[in-house]
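Every number in my numbering is 2 more than the matching position in the sequence shown, counting from 1. Below is one structure, written out as structure tokens; comments come after it.
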Amino acid sequence: MSLQHKAYGWIGSPVGVSLMDGTGVSGILCSIQGGSIYIIEYLYHTQFTTKHYAFNQIRDILPFPQCPQPQPPVHQPKIFILV
């Protein structure tokens, strides 16, 4: 399956993008237009920006995994040794 075809299924979802230069970015995949993806990324404080990356700059796009569900604490029984 092509990278572009996979990406269409993740529009509106958080993704990680591995770039050809060895760096990566993450954000919400907003759209795909003209051979590029558009991602909204967090900058700082209350600011976000939309950036675009051409498919020839991208090595892979992966959706974020689901958060693990918290597990209830396991209580170990206390063992008392009488001497």
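Just so it is clear, CB atoms sit at the ideal spot from N, CA and C, and this is done for glycine as well. Remember, predicted model here, so these are calculated numbers, not experimental data.
Residue i versus the options, residue with shortest Cα-Cα distance
{"i": "MET22", "options": "ILE63, LYS53, GLN73, ILE81", "result": "ILE63"}
{"i": "CYS69", "options": "LYS53, ILE83, PRO16", "result": "PRO16"}
{"i": "LYS8", "options": "ILE34, GLN78, PRO72, THR52", "result": "ILE34"}
Residue i vs residue j beta-carbon contact at 7 Å
{"i": "CYS32", "j": "TYR44", "result": "no"}
Buried versus exposed call for residue i [16 or more other C-beta atoms within 10 Å across all chains shown]
{"i": "GLY29", "result": "buried"}
{"i": "ALA56", "result": "exposed"}
Same chain, Cβ closer than 7 Å to residue i, five either side skipped, listed in chain order
{"i": "GLY37", "result": "ALA56, PHE57"}
Sequence-distant residues of the same chain with beta carbon closer than 8 Å to residue i, five excluded per side
{"i": "VAL27", "result": "GLY18, VAL19, LEU21, ILE41, GLU43, LYS53, TYR55"}
{"i": "ILE60", "result": "LEU5, VAL19, SER20, LEU21, MET22, ILE39"}
{"i": "THR51", "result": "ILE42, GLU43, LEU45"}
Cβ pair count under 8 Å reaching 3, the region 64-77 against the region 10-28 = yes
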